[in-house]
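Student: Numbering of the sequence shown is given in the working numbering, commencing with residue 12 and proceeding in unit increments.
Ideal Cβ positions, reconstructed from N, Cα and C, are used throughout, including at glycine.
One structure coming up, written as structure tokens, with questions to follow.
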Amino acid sequence: MSIINTYDIKSLTIPELEAFMQQLGQPKFRAKQIFQWLHQKRVLSFDEMKNLPAPLREQLKQQCSITHFTIERKLVSAEDGTIKYLYRLADGEYVESVLMRYEHGISVCVSTQVGCKMGCSFCASTKAGFVRHLTPSEILEQVYAPARDTGERIDSLVLMGIGEPLDNYDNVLRFLELVSSPDGLCMSHRHISLSTCGLVDRIYQLADLNLQITLSVSLHASNNQVRDEIMPVNHRYPIEQLMKACQYYTDKTHRRISYEYSLIRGVNDNPRQAEELAALLKGMLCHVNLIPVNYVEEAGFHQSGRQQIYAFQKLLQSRGINATIRRTLGADINAACGQLRRTAIKK
Ligand code: SAH
Numbered sequence: 012m013s014i015i016n017t018y019d020i021k022s023l024t025i026p027e028l029e030a031f032m033q034q035l036g037q038p039k040f041r042a043k044q045i046f047q048w049l050h051q052k053r054v055l056s057f058d059e060m061k062n063l064p065a066p067l068r069e070q071l072k073q074q075c076s077i078t079h080f081t082i083e084r085k086l087v088s089a090e091d092g093t094i095k096y097l098y099r100l101a102d103g104e105y106v107e108s109v110l111m112r113y114e115h116g117i118s119v120c121v122s123t124q125v126g127c128k129m130g131c132s133f134c135a136s137t138k139a140g141f142v143r144h145l146t147p148s149e150i151l152e153q154v155y156a157p158a159r160d161t162g163e164r165i166d167s168l169v170l171m172g173i174g175e176p177l178d179n180y181d182n183v184l185r186f187l188e189l190v191s192s193p194d195g196l197c198m199s200h201r202h203i204s205l206s207t208c209g210l211v212d213r214i215y216q217l218a219d220l221n222l223q224i225t226l227s228v229s230l231h232a233s234n235n236q237v238r239d240e241i242m243p244v245n246h247r248y249p250i251e252q253l254m255k256a257c258q259y260y261t262d263k264t265h266r267r268i269s270y271e272y273s274l275i276r277g278v279n280d281n282p283r284q285a286e287e288l289a290a291l292l293k294g295m296l297c298h299v300n301l302i303p304v305n306y307v308e309e310a311g312f313h314q315s316g317r318q319q320i321y322a323f324q325k326l327l328q329s330r331g332i333n334a335t336i337r338r339t340l341g342a343d344i345n346a347a348c349g350q351l352r353r354t355a356i357k358k
């Protein structure tokens, strides 16, 4: 599981730590103590785990590592207080997370992979390809590091950074379990959104778990022709299959799905496409997030004009589809996903 040659102890659940303690001939309750040191007090070394016997601490030092991120770069937006963090991982890779301030609290956007395989044409994260999955502890550290840095309470999380969360399914699920543990950060699943480009098989699998997280689906097109062009995943899972999986997800979880729709000038932003989108989502428990596309050098796509965006929203609303336009945060620090890492690896 770990990229280093020792046990990645911060990725273990309490039952797994209990099994580990049993192997070491330790009482079961040690597991919870260790978990709390790692996930509540968030210590950086075994020496700080004061209620553990010294010989156990020595054993843990020998056999385990504590994933800990140091901040490589930090950019703070003068406009809205958004903070963008760049971390260097143990193997020299880079990953980013973003802290955003909303009226309803602080939200952190985390990455789930180093790079991405999905190849969406408008996305910076995928341009240099896929490097590797992040471990559960590496996803957690993107939440813990900003919490340590700002000393503030993190109220919600979005899995919308670099990578496709459902392509790193096992580690992401483990992360969801760890981050919501009452002996850890205790983040309610209701305060977590997971964004996917539409890996249909995984959506079914996730639906069957009946978690209370919010599923965001990156749709970005109202028909297969356009979606095929901008999102290669659509060749594998075309829109009809995706919508069927989404309906299944809602039936199972009774949760409203959020559809992401990045408006790209001249590609997916005309009134006919708004009509088509409304027809596609008719009768579904859903919400549409309209996002003016962020300019990415290699993609060459441009944002739709303000008028075009409002007209698109109006049309959806007039067809009974709930649609909002996402506010851009941290524009002055290039806060959109993948852009800081891109700059770091280009150097
Ligand atoms: N792989 C997941 C999550 C990461 S991307 C997914 O595809 O959903 C998070 C969101 O940002 C997705 O909706 C993605 O399509 C969108 N996105 C990526 N590049 C963008 C850009 N240049 N402008 C606007 N949105 C973008």
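Going by DSSP in three states, residue 80 sits in which element: helix, strand or coil?
Tutor: On the sequence shown, position 69 is the one that residue 80 refers to. Residue 80: coil per DSSP, three-state reduction.
Student: For a test of your reading of the model: does the CB of residue 341 fall under 7 Å from any non-hydrogen atom of ligand 1? Yes or no.
Tutor: If you number the sequence shown from 1, residue 341 lands on position 330. For ligand 1, not one heavy atom lies less than 7 Å from the Cβ of residue 341.
Student: Can you say whether residue 324 is buried or exposed, counting buried as having 16 or more other CB atoms within 10 angstroms of its CB?
Tutor: For the purposes of this step, residue 324 is taken as residue 313 along the sequence shown, with counting starting at 1. Buried is the call here.
Student: If I measure Cβ to Cβ from residue 222 and keep anything under 6 Å in the same chain, skipping five residues before and after, which residues do I get?
Tutor: In the sequence shown, the residue the question calls residue 222 occupies position 211. Same-chain partners within the cutoff: 200.
Student: Residues bridged to residue 19 by DSSP?
Tutor: Translated into positions along the sequence shown, residue 19 becomes position 8. DSSP, once it has assigned bridges, lists 76 as partnering residue 19.
Student: Does DSSP classify residue 14 as helix, strand or coil?
Tutor: Residue numbering aside, residue 14 sits at position 3 when the sequence shown is read from its first letter. In this predicted model, residue 14 has a pLDDT of only 43, less than 50, meaning its place in the structure is not dependable enough to derive any value.
Student: Please state whether DSSP places residue 207 in a helix, a strand or coil.
Tutor: One-based indexing of the sequence shown puts residue 207 at position 196. If DSSP states are grouped into helix, strand and coil, residue 207 belongs with the strands.
Student: Could you tell me which residues DSSP pairs with residue 142 in its beta bridges?
Tutor: As a first step, residue 142 must be located in the sequence shown, where it is residue number 131. BP columns for residue 142 are empty, so no partner.
Student: Note down the Cα distance separating residue 214 from residue 74, rounded to an integer number of angstroms.
Tutor: Locating residue 214 in the sequence shown gives position 203, counting from the first residue. Locating residue 74 in the sequence shown gives position 63, counting from the first residue. Roughly 36 Å between the two C-alpha positions.
Student: Could you spell out where the beta strand (DSSP E) holding residue 267 opens and where it closes?
Tutor: Counting from one through the sequence shown, the residue named residue 267 turns up at place 256. Segment: none, residue 267 is in no beta strand (DSSP E) and carries neither H nor E.
Student: Within its chain, find whatever has a CB closer than 8 Å to the CB of residue 328; leave out the 5 residues flanking it on each side and keep chain order.
Tutor: Locating residue 328 in the sequence shown gives position 317, counting from the first residue. Excluding residues within five positions, the ones whose Cβ falls inside 8 Å are 334.
Student: Could you give the DSSP three-state label for residue 115: helix, strand or coil?
Tutor: The residue labelled residue 115 in the question sits at position 104 within the sequence shown. Reduced to three states, the DSSP call for residue 115 is coil.
Student: Regarding residue 231 and ligand 1, is the C-beta to nearest heavy atom distance less than 7 Å?
Tutor: In the sequence shown, counting from the first residue as 1, residue 231 sits at position 220. Under cutoff, so the answer is yes.
Student: Near residue 70, which residues of its chain fall below 8 Å by C-beta distance, leaving aside the five closest residues on each side in sequence?
Tutor: Within the sequence shown, numbered from 1, the residue matching residue 70 stands at position 59. Within the same chain, residue 70 has close Cβ partners 35.
Student: Is the beta carbon of residue 176 within less than 7 Å of some heavy atom of ligand 1?
Tutor: As a working note, residue 176 is residue 165 in the sequence shown. Under cutoff, so the answer is yes.
Student: Give the secondary structure of residue 66 by DSSP, where H, G and I count as helix, E and B as strand, and everything else as coil.
Tutor: In the sequence shown, residue 66 corresponds to position 55, counting from 1. In this structure, residue 66 counts as helix in the three-state DSSP scheme.
Student: Which runs of the alpha helix (DSSP H) spanning at least 4 residues fall entirely within the stretch 20 to 54, listed in chain order?
Tutor: Within the stretch 20 to 54, the complete alpha helix (DSSP H) runs of at least 4 residues are 25 to 34 and 40 to 50.
Student: Return yes when at least one heavy atom of ligand 1 lies under 7 Å from the C-beta of residue 309, else no.
Tutor: As a position in the sequence shown, residue 309 is number 298, starting the count at 1. Checking the Cβ of residue 309 against ligand 1 gives no.
Student: Mind checking residue 176: buried by the 16 CB within 10 Å criterion, or exposed?
Tutor: Start at 1 with the first residue of the sequence shown, and residue 176 comes out as number 165. With 16 or more other Cβ atoms within 10 Å, it is buried.
Student: Answer yes or no: the CB of residue 20 versus the heavy atoms of ligand 1, is any distance below 7 Å?
Tutor: Here residue 20 is taken as the residue at index 9 of the sequence shown, counted from 1. For ligand 1, not one heavy atom lies less than 7 Å from the Cβ of residue 20.
Student: Taking 7 Å as the cut-off, does the CB of residue 359 come closer than this to any heavy atom belonging to ligand 1?
Tutor: Because the chain spans 12 through 358 in this model, residue 359 falls outside it and cannot be assessed.
Student: Note down, one range per segment and in chain order, each beta strand (DSSP E) of at least 3 residues found wholly within the stretch 210 to 278.
Tutor: The qualifying runs are 225 to 229 and 268 to 274.
Student: Pull up the distance between the alpha-carbon of residue 167 and that of residue 342, whole angstroms please.
Tutor: Position 156 of the sequence shown, counted from the first residue, corresponds to residue 167. Position 331 of the sequence shown, counted from the first residue, corresponds to residue 342. Answer to the nearest angstrom: the Cα atoms are 21 Å apart.
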